[in-house]
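Chains A and B, in that order, are what the protein sequence lines are.
Residue numbers 0 to 209, in numbering that gives the first Met the number 0, belong to the letters of the first sequence in order.
Residue numbers 0 to 209, in numbering that gives the first Met the number 0, belong to the letters of the second sequence in order.
In this text, a Cβ means the ideal position worked out from N, Cα and C, and glycines have one as well.
Being a predicted model, the structure only gives us computed values, none of them experimental.
There are 2 protein chains.
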Amino acid sequence: MPTLEQARQFYQAADPVHDFDHIQRVLRLAERIGPAEGADMEVLRAAVLLHDAAGAAGGGSGRATHQAASAEVARAALAAEGWPADRIEAVLHCIRAHRFRGSEAPASLEAKILFDCDKLDVLGAIGVARAVAYAALAGQPLTGAPSEKFKATGEKEPGEPHTPYHEFLFKLSRIKDRLHTASARALAAERHRYLADYFERLARESAGEL
Amino acid sequence: MPTLEQARQFYQAADPVHDFDHIQRVLRLAERIGPAEGADMEVLRAAVLLHDAAGAAGGGSGRATHQAASAEVARAALAAEGWPADRIEAVLHCIRAHRFRGSEAPASLEAKILFDCDKLDVLGAIGVARAVAYAALAGQPLTGAPSEKFKATGEKEPGEPHTPYHEFLFKLSRIKDRLHTASARALAAERHRYLADYFERLARESAGEL
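Take a look at the structure:
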């Protein structure tokens, strides 16, 4: 299995939303949830360390297909270490299946845990930081509340900008219901509540109420 | 006094941390705190609308001296509206004295209120968003806790990166004790607590504890 320092090299050029700190946070969650769920920890750790290896390092594939590109990076890295083909495939399945809207759904326990840990890292106080950082890098406003129309339908008013609060309502608020393992769902409940409360407070502060 | 739409033109090129949304949030606070403290609202509103007019619009002076450059923008804008010289000077004093480390301290009630409202906008949930956005734009890591050495002395370990949590300990945590008006201190107490709790939670989530 790649060491932490070996894995770090894949993330040197990463943006701050998918950097090696993200990998290390996901690893700490996997090392907590994996044993509780009875996972093969060698497969799970390798999958965590390499799951964003290509898209994050600007491998040319872009975010949309980074799971496939990262799987190929992992295939080469693990073959070079002499892993047997079936265990390489087990890692590659985890990596290919870790996206929220990916075409391959997590089938193995280890794939489900990687998916869950990766998603936990967009909730809670970390989720606040990542949503805000993404908006700042994209030139979006940081504050400002979604319109009543957006809240009811997911459709914006003319000229309504996208903000982190929109991202929460559109995507992040649904994640807790998409997780596979009981261990992750338990952590997600509290992280979801924190994230929801944050955006409600942000809107009230922006209105000068608090 | 400039209208909101007239003031907005000064902030077209602003970064997301000092954009027109910031101006509007400060204005909402000033319209709450100003009457409670008995301020001259015409002077206060003009000062709020123009306080970041130059540095934010990339006027060439940089952030370090944007208060002086913004005061000169305000002088021209208010003279063009036919304001009397003494009331222009009252606005300019507010603008020159609004920086945390500026050389001119707030002497008038209106200057103290602008200072306080500007500082309230770096605390609370908004403070979280601004600190994170600043870090993302500067290429700093979003998470990661300060070392024990930094917590005790404000000095970093060799290679220790600056993060939003460092910025909180180094600067943001002290702001509540620097405010001038009772109205602002009352709002700051809760916003400070929220910001402090955020960074504590962020560190615990990053460690995989929550």
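Of the other Cβ atoms in all chains shown, 16 or more fall within 10 Å of the Cβ of P163 of chain B; this residue is therefore buried.
Annotation for Q66 of chain B: I94, R95, H97, R98 and G101 place their beta carbon closer than 7 Å to its own, counting only its chain and skipping 5 residues before and after. The DSSP assignment places no complete beta strand (DSSP E) segment of no fewer than 3 residues inside the stretch 89-169 of chain B. The contact set of S182 of chain A on chain B, defined by CB atoms closer than 9 Å, is empty, because the minimum CB distance reaches about 12 Å. Three or more pairs of CB atoms, one per stretch, sit closer than 8 Å, so the stretch 176-187 of chain A contacts the stretch 31-40 of chain A. Under the three-state reduction of DSSP output, M0 of chain B falls in the coil class, being neither helix nor strand. Closest by C-alpha distance to A130 of chain A, out of A:W82, A:F198, A:L77 and A:R192, is A:F198. Against S172 of chain B, chain A offers no close residue; the least beta-carbon distance is about 17 Å (beta-carbon pairs closer than 8 Å). Apart from sequence neighbours up to five positions away, the residues of its chain that approach R74 of chain A with a beta-carbon distance below 7 Å are I87 and L91, ordered along the chain. Spanning the alpha carbons of L77 of chain B and L113 of chain A requires a straight line of approximately 59 Å.
Judged by DSSP secondary structure, E71 of chain B falls within the alpha helix (DSSP H) whose first and last residues are H65 to A79. Look at G207 of chain A here: in three-state DSSP terms it is coil, with no helix or strand label. Judged by beta-carbon spacing, A144 of chain A lies beyond the 9 Å limit of A195 of chain A, meaning their Cβ atoms are not closer than that value.
Among the residues of the stretch 151-164 of chain A, those with a Cβ less than 8 Å away from any Cβ of chain B are P163, in the order of the chain.
Under the three-state reduction of DSSP output, P15 of chain A falls in the coil class, being neither helix nor strand. Listed along chain B, the residues sitting closer than 7 Å to V131 of chain A by beta-carbon distance are A128, V131 and A132. Within the same chain, and ignoring the five residues on either side of D115 of chain B in sequence, the residues whose Cβ sits closer than 6 Å to its Cβ are L178, H179, T180 and A183.
For A38 of chain A, the nearest beta carbon of chain B is not closer than 9 Å to its own beta carbon.
Looking at A:A46, A:R24, A:A38 and A:F169, the one whose alpha-carbon comes closest to that of M0 of chain A is A:A46. Residues of the stretch 107-126 of chain B with a C-beta atom less than 7 Å from some C-beta of chain A are G123, A124 and I125, listed in chain order.
For the pair K150 of chain A and V121 of chain B, the Cα-to-Cα distance works out to about 27 Å.
Listed along chain B, no residue sits closer than 7 Å to S69 of chain A by beta-carbon distance, the nearest being about 21 Å off. DSSP, reduced to helix, strand and coil, places L178 of chain A outside both helices and strands of the structure shown, so it counts as coil. Secondary structure of D85 of chain A (DSSP, three-state): helix. Apart from sequence neighbours up to five positions away, the residues of its chain that approach Y133 of chain B with a beta-carbon distance below 6 Å are V16, ordered along the chain. Taking a C-beta distance under 9 Å as the contact criterion, R190 of chain B and L209 of chain A qualify as a contact pair. Here T152 of chain A is not near R24 of chain B, since their CB atoms are 9 Å or more apart. Within chain B, the C-beta atoms nearer than 8 Å to that of Y193 of chain A come from R200, in chain order.
Interface annotation for the stretch 135-149 of chain A against chain B: A135, L136, G138, Q139, P140, L141, T142 and G143, criterion Cβ-Cβ distance under 9 Å. Taking the CA atoms as reference points, E36 of chain B sits about 60 Å from P105 of chain A. Sorting A:P140, A:F167, A:A110 and A:E103 by C-alpha distance to the C-alpha of G126 of chain A places A:F167 at the top. Counting along the chain, R44 of chain B sits inside the alpha helix (DSSP H) bounded by residues M40 to L49. A residue is called buried when at least 16 other Cβ atoms come within 10 angstroms of its Cβ; R44 of chain A meets this threshold and is buried. Across the set B:E41, B:E109, B:L119 and B:R7, the C-alpha of B:L119 shows the shortest separation from the C-alpha of E204 of chain A. Residue contact with chain B for L28 of chain A: present (Cβ-Cβ distance below 9 Å to some residue of chain B).
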